[in-house]
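Following this note's numbering, the numbering of the sequence shown begins with 3 at its first residue and continues without gaps.
The beta-carbon is built from N, C-alpha and C at its ideal position, and this holds for glycine as well.
Okay, structure first, notes after.
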Amino acid sequence: VLLTLDYDGTLTPIVSRPDLAVLPAGVRALLVELTGNSKYLVGVISGRSLEDVREKVDVEGIVYAGNHGLEMEGPGVRFLHPEAKSLKGLLEQVCRDLGDNLAHYPGVVVENKGLTLSVHYRMTPNSLANEVEEVFKATVLSFRDSAQVKITGGKKVLEVRPNVEWHKGKAIGKLMELHPEVSLAAFFGDDLTDEDAFAAVQDANGIAVFVGPTRQPTKALHRVDSPEEVSEALRLMAQL
Ligand SMILES: [Mg+2]
């Protein structure tokens with residue numbers, strides 16, 4: 003089983019600042035247990051950079067996929083999306099301008115993740131959220147090369163990614179290709195960027211699990227309520 007999971011909001015609760023999302027020790031212990039079980043190949047696929055997600059999870063033998071799968075490393079896997087790599091310079095410039103143009107909005111955090119960038123505004127007053135979104139879009143679109151990047155978003159986060167046909171679903175497809183012994187893929191995720199992965203695992207007859215309340219529409223056919231229930235599911239899977 004290729005058991006893949008998102009990080010923020012899936013393995014950890016959503017918190018006000020991304021650096022505060024710490025993996026609970028109990029969940030880490032379960033990941034260690036699952037990694038040691040020969041039935042599973044475990045992967046964590048995050049919008050964070052590869053280095054960041056590896057540092058946060060800190061378990062040996064896991065496949066880490068950063069920047070929504072643009073970069074992946076782990077057992078039998080070493081992947082860096084070639085086109086994404088060539089757009090690093092452009093992203094750096096966009097990042098600098100976003101930092102300047104959003105500097106006077108309280109609570110905005112601009113984060114350069116190498117292959118993508120994020121603007122976090124969970125701590126910004128709600129009354130300013132629309133303005134932040136507009137300044138963000140105008141800044142990105144002001145670049146002559148803006149067609150080479152695309153704008154995406156999630157829970158109080160806006161992102162700039164290379165405009166390449168790649169996402170968490172493609173990343174899971176690549177992992178299955180690299181690991182032909184995998185007969186079943188499963189993915190747990192809580193946010194909009196996880197929908198591509200839900201579709202991909204279900205297209206491959208796998209199991210997609212949305213993490214969160216029912217009110218959000220999702221392609222995933224299965225659902226658990228919270229990261230606590232994800233950990234409960236991991237505990238049950240470790241016993242198989
Ligand atoms: Mg998430």
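Residue list, Cβ distance to ligand 1 heavy atoms smaller than 5 Å: This criterion selects Asp-8, Asp-10, Gly-11, Asp-192, Asp-193.
Per DSSP, what kind of secondary structure is Leu-93 in: helix, strand or coil? Leu-93: helix per DSSP, three-state reduction.
Cut-off 7 Å between Cβ atoms - residues of its own chain near Lys-158, not counting five sequence neighbours on either side: His-122, Tyr-123, Arg-124
Candidates Pro-77, Leu-93, Ile-16: closest to Ile-153 by CA position: Leu-93
Please look up how many angstroms separate the CB atoms of Tyr-249 and Gly-76, rounded, as I've assumed it's under 8 Å. The shown model of the chain, from 3 to 242, leaves out residue 249, and the question about it has no answer.
Quick check: the segment 175–182 against the segment 134–146, are there 3 or more CB pairs under 8 Å? no
My understanding is that Lys-170 touches Asp-196, with C-beta atoms under 8 Å, so please give their C-beta distance in whole angstroms. 6 Å
Glu-85: which of Arg-98, Arg-56, Gly-116 sits nearest, CA to CA? Gly-116
Rounded straight-line distance, which links the Cα of Tyr-42 to that of Glu-73: 21 Å
Use the C-beta contact count for Gly-28: other C-beta atoms within 10 angstroms, 16 or more gives buried, fewer gives exposed. exposed
So what does DSSP say about Val-59, is it helix, strand or coil? Here Val-59 carries a helix assignment [DSSP, helix/strand/coil].
Would Ser-48 and Tyr-9 qualify as a contact pair, given that the criterion is a beta-carbon distance under 8 Å? yes
Residue range of the alpha helix (DSSP H) that Arg-80 falls in? Run containing Arg-80: none in the alpha helix (DSSP H); it sits in the beta strand (DSSP E), 79–82.
Please check the pair Val-226 and Gly-191, which I expect to be a contact at CB under 8 Å, by giving their CB distance rounded to whole angstroms. The Cβ separation is near 11 Å, so there is no contact.
Assuming Thr-118 contacts Asn-69 (C-beta within less than 8 Å), just tell me the rounded distance between them. Distance from Thr-118 to Asn-69 at the Cβ level is roughly 5 Å; contact confirmed, criterion being Cβ atoms closer than 8 Å.
Helix, strand or coil: which one does DSSP assign to His-70? helix
Mind checking Pro-20: buried by the 16 CB within 10 Å criterion, or exposed? buried
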